[in-house]
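Colleague: Quick one: structure below, then a few questions.
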Amino acid sequence: MKKNLFKYLLLTVITMGILIFQGCYPENDLTYEQTDVVLTTYNDSVDFSSLNTYYLSDTVYILDEDDEQVPLENQDIIVDNIVSNMTSAGYTRITTEEQGKPDVVILVGAFTSTTTNVGWWYPYYPGWGWGGYPGWGWGGWGGYYPGGYYPGYPYVSSYTTGTVVWDMANPDDYDIIKGDTVARVYWNCGIQGVLSGGSSDSRIIKGINQAFAQSPQIKINK
Amino acid sequence: MKKNNIILSSVFVVLFSLTSFSQGGGVWNFDWNIGFGLGETGEFISNPSGRGFSIDGRGFVTDNITVGGIVGWNTFYQNEGFVTEDYESGVTVNGYKRKYINVLPIMVNTHYYLAQTTVMPYIGFGVGATYAERRDYMGIYYVEESAWHFSVAPELGIVYPFGSSNTGINANVKYNYAAKTKDTKAVSFLSVNIGISYVF
Numbered sequence: 009m010k011k012n013l014f015k016y017l018l019l020t021v022i023t024m025g026i027l028i029f030q031g032c033y034p035e036n037d038l039t040y041e042q043t044d045v046v047l048t049t050y051n052d053s054v055d056f057s058s059l060n061t062y063y064l065s066d067t068v069y070i071l072d073e074d075d076e077q078v079p080l081e082n083q084d085i086i087v088d089n090i091v092s093n094m095t096s097a098g099y100t101r102i103t104t105e106e107q108g109k110p111d112v113v114i115l116v117g118a119f120t121s122t123t124t125n126v127g128w129w130y131p132y133y134p135g136w137g138w139g140g141y142p143g144w145g146w147g148g149w150g151g152y153y154p155g156g157y158y159p160g161y162p163y164v165s166s167y168t169t170g171t172v173v174w175d176m177a178n179p180d181d182y183d184i185i186k187g188d189t190v191a192r193v194y195w196n197c198g199i200q201g202v203l204s205g206g207s208s209d210s211r212i213i214k215g216i217n218q219a220f221a222q223s224p225q226i227k228i229n230k
Numbered sequence: 049m050k051k052n053n054i055i056l057s058s059v060f061v062v063l064f065s066l067t068s069f070s071q072g073g074g075v076w077n078f079d080w081n082i083g084f085g086l087g088e089t090g091e092f093i094s095n096p097s098g099r100g101f102s103i104d105g106r107g108f109v110t111d112n113i114t115v116g117g118i119v120g121w122n123t124f125y126q127n128e129g130f131v132t133e134d135y136e137s138g139v140t141v142n143g144y145k146r147k148y149i150n151v152l153p154i155m156v157n158t159h160y161y162l163a164q165t166t167v168m169p170y171i172g173f174g175v176g177a178t179y180a181e182r183r184d185y186m187g188i189y190y191v192e193e194s195a196w197h198f199s200v201a202p203e204l205g206i207v208y209p210f211g212s213s214n215t216g217i218n219a220n221v222k223y224n225y226a227a228k229t230k231d232t233k234a235v236s237f238l239s240v241n242i243g244i245s246y247v248f
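Residue numbers (our numbering), protein chains in the order written: chain C, 9 to 230; chain Y, 49 to 248.
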């Protein structure tokens with residue numbers, strides 16, 4: 009009679025084995041695209057409708073290179089798509105000094121590192137020397153983010169990640185923090201994961217479009 | 049960890065000793081669990097869970113009362129695809145969202161058998177600890193809540209033995225409630241459990 013009991017136990021073990029094999033977290037093997045996350049934050053004290061022009065460098069630097077500034081390989085696709093979305097949002101890009109001083113500046117950077125010990129993605133890159141801005145002597149500045157800007161979203165990750173980030177800031181709207189001049193960030197975006205894995209270009213475009221789509225607040229032609 | 053070890057050891061002692069030293073035989077149930085989230089659990093994951101299993105051992109201490117224990121495991125899961133969510137302070141996140149709750153109840157229980165004829169209907173009540181781990185994923189990022197909860201589980205069921213053999217079918221409906229803790233929400237679900245009974 010005990011034989012039956014062992015049969016059932018065996019059956020149970022096999023069933024549980026199947027469940028364990030499926031794991032506590034079924035369907036958690038993601039495609040590269042499914043790992044992509046788009047995060048945007050806008051500064052709700054800014055009147056975006058008062059803005060009009062912006063400056064955006066053609067160069068996208070890799071931010072995790074400590075000393076040297078290395079341009080990202082596929083920077084054109086990033087710059088082109090941010091520019092076309094900014095145009096759709098009603099902004100005018102200025103490219104020469106003769107066009108006057110822009111209302112805001114957009115700084116674009118990328119993290120290509122495989123480690124993700126950078127907070128939500130990157131809240132701070134102090135004193136990132138930013139070249140290429142024509143005139144005005146604004147070289148070297150770090151944006152900052154008013155308190156409470158980041159959701160408490162802890163993470164654990166061993167994926168290879170690559171993140172494109174950009175900030176909209178007005179260098180004339182700044183605070184002095186510990187003797188440094190830091191511009192307030194009006195809008196910031198991070199598209200996480202898009203620099204790794206397959207079909208990166210289409211995911212970059214999708215991510216940039218999504219960042220604008222989920223930020224209707226920054227539109228000036230509502 | 050110490051607390052968990054105490055809970056685990058005490059439950060296993062109860063589970064295996066009670067059934068063996070009871071003179072009047074007992075029942076082993078091996079059940080598949082189908083769970084339906086209730087309350088905050090149902091709001092978080094509305095999909096029913098078919099990923100659940102439990103082993104339940106009961107020893108007769110009188111003619112119609114058993115005392116025993118149960119261990120189980122249920123996984124609730126919901127895939128919401130790509131979603132956009134707003135957080136405080138102007139933060140918006142778009143990502144591939146999945147939600148999970150894994151529930152591991154370990155309880156002592158007692159059952160009262162209303163009859164022991166061709167059908168053995170019973171009512172029962174379990175009390176013990178439930179480990180629940182709740183994860184809310186966006187892409188590869190997630191928020192996790194996990195804790196051991198005090199829990200209770202009233203149930204209603206039948207054992208239907210096959211003829212004169214000591215094997216039968218067990219079917220029951222159980223309300224599983226794991227009380228909220230200081231940092232984590234309550235977990236509650238209704239489960240329909242179907243499986244094999246071994247009556248000895």
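Backbone N, C-alpha and C define an ideal beta-carbon position, used for all residues, glycine too.
Hey, quick one: how far does the alpha helix (DSSP H) through Thr-43(C) stretch, first residue to last?
Modeller: 40 to 43
Colleague: Shortest alpha-carbon distance to Ser-102(Y) belongs to which of Ile-82(Y), Ile-113(Y), Asn-142(Y)?
Modeller: Ile-82(Y)
Colleague: Please report the Cβ distance between Arg-211(C) and Glu-41(C), rounded to the nearest whole angstrom; I am assuming they are in contact, meaning their Cβ atoms lie under 8 Å.
Modeller: 6 Å
Colleague: Using 8 Å as the cut-off, can you tell me whether the region 154 to 173 of chain Y makes contact with the region 109 to 119 of chain Y, which would need three or more C-beta pairs spanning the two stretches below that distance?
Modeller: yes
Colleague: So who's on the other strand from Cys-197(C), going by DSSP bridges?
Modeller: Note: Cys-197(C) sits in a beta bridge opposite Thr-48(C), Trp-174(C).
Colleague: CB Gly-98(Y) to CB Gly-74(Y), shorter than 8 Å?
Modeller: Taking 8 Å as the Cβ cut-off, Gly-98(Y) and Gly-74(Y) do not qualify as a contacting pair.
Colleague: Quick one: measure Cβ to Cβ for Pro-153(Y) and Ser-199(Y), integer angstroms, because I've assumed they're closer than 8 Å.
Modeller: 6 Å
Colleague: Which value, in whole angstroms, describes the spacing of the CA atoms of Ser-212(Y) and Phe-248(Y)?
Modeller: 12 Å
Colleague: To the nearest angstrom, report how far apart Ala-201(Y) and Gly-85(Y) are at their CA atoms.
Modeller: 14 Å
Colleague: Name the chain C residues that come within less than 8 Å of Gly-187(Y), Cβ to Cβ?
Modeller: Leu-38, Gln-42, Thr-43, Asp-44, Val-45, Gln-200, Gly-201
Colleague: Spatial neighbours of Glu-203(Y) within its chain, please: CB distance less than 6 Å, with the 5 preceding and 5 following residues excluded, ordered by chain position.
Modeller: Gly-172, Asn-220, Lys-222
Colleague: Please list the partners that Leu-13(C) has in chain Y, where partner means a Cβ-to-Cβ separation under 8 Å.
Modeller: Trp-76, Tyr-246, Phe-248, listed in chain order.
Colleague: Near Thr-100(C), which residues of its chain fall below 8 Å by C-beta distance, leaving aside the five closest residues on each side in sequence?
Modeller: Asn-60, Thr-61, Tyr-62
Colleague: Which residues in chain Y have a C-beta closer than 8 Å to the C-beta of Ser-58(C)? List them in chain order.
Modeller: Under the 8 Å cutoff, chain Y gives no residues; its nearest Cβ is about 17 Å from Ser-58(C).
Colleague: Which residue marks the beginning of the alpha helix (DSSP H) containing Ile-216(C), and which one marks its end?
Modeller: 208 to 221
Colleague: Have a look at Ala-234(Y) and Val-141(Y) and give me their C-alpha separation to the nearest angstrom.
Modeller: Ala-234(Y) and Val-141(Y) have their alpha carbons spaced roughly 26 Å apart.
Colleague: Which class does Leu-17(C) belong to by DSSP, given the choice of helix, strand or coil?
Modeller: helix
Colleague: Going by DSSP in three states, Gly-116(Y) sits in which element: helix, strand or coil?
Modeller: strand
Colleague: Return the residue from the list Tyr-135(Y), Glu-133(Y), Ile-149(Y) that minimises the CA-CA distance to Thr-123(Y).
Modeller: Ile-149(Y)
Colleague: Along the beta strand (DSSP E) that carries Gly-143(Y), what are the first and last residues, could you check?
Modeller: 139 to 161
Colleague: Residue range of the alpha helix (DSSP H) that Phe-89(Y) falls in?
Modeller: The question names Phe, but residue 89(Y) is Thr in the sequence shown. First-last of the alpha helix (DSSP H) with Thr-89(Y): 87 to 92.
Colleague: Alpha carbon to alpha carbon, how far is Ala-163(Y) from Val-109(Y)? Give it in angstroms, no decimals.
Modeller: Taking the straight line joining both Cα atoms gives about 15 Å.
Colleague: Alpha carbon to alpha carbon, what distance is there between Asn-51(C) and Ala-88(C)?
Modeller: The sequence given here has Asp at residue 88(C), not Ala. Roughly 24 Å between the two C-alpha positions.
Colleague: Determine the burial state of Ala-219(C): buried for a count of at least 16 other Cβ atoms within 10 Å of its Cβ, exposed for fewer.
Modeller: buried
Colleague: For Tyr-208(Y), go through chain C and note every residue whose CB falls closer than 8 Å to its CB, in chain order.
Modeller: Here the premise fails: no neighbours, minimum Cβ distance about 15 Å.
Colleague: Is it the case that the Cβ atoms of Ile-35(C) and Asn-127(Y) are separated by a distance below 8 Å?
Modeller: Here the sequence assigns Glu to residue 35(C), which means Ile is not the residue at that position. Yes. Within cutoff.
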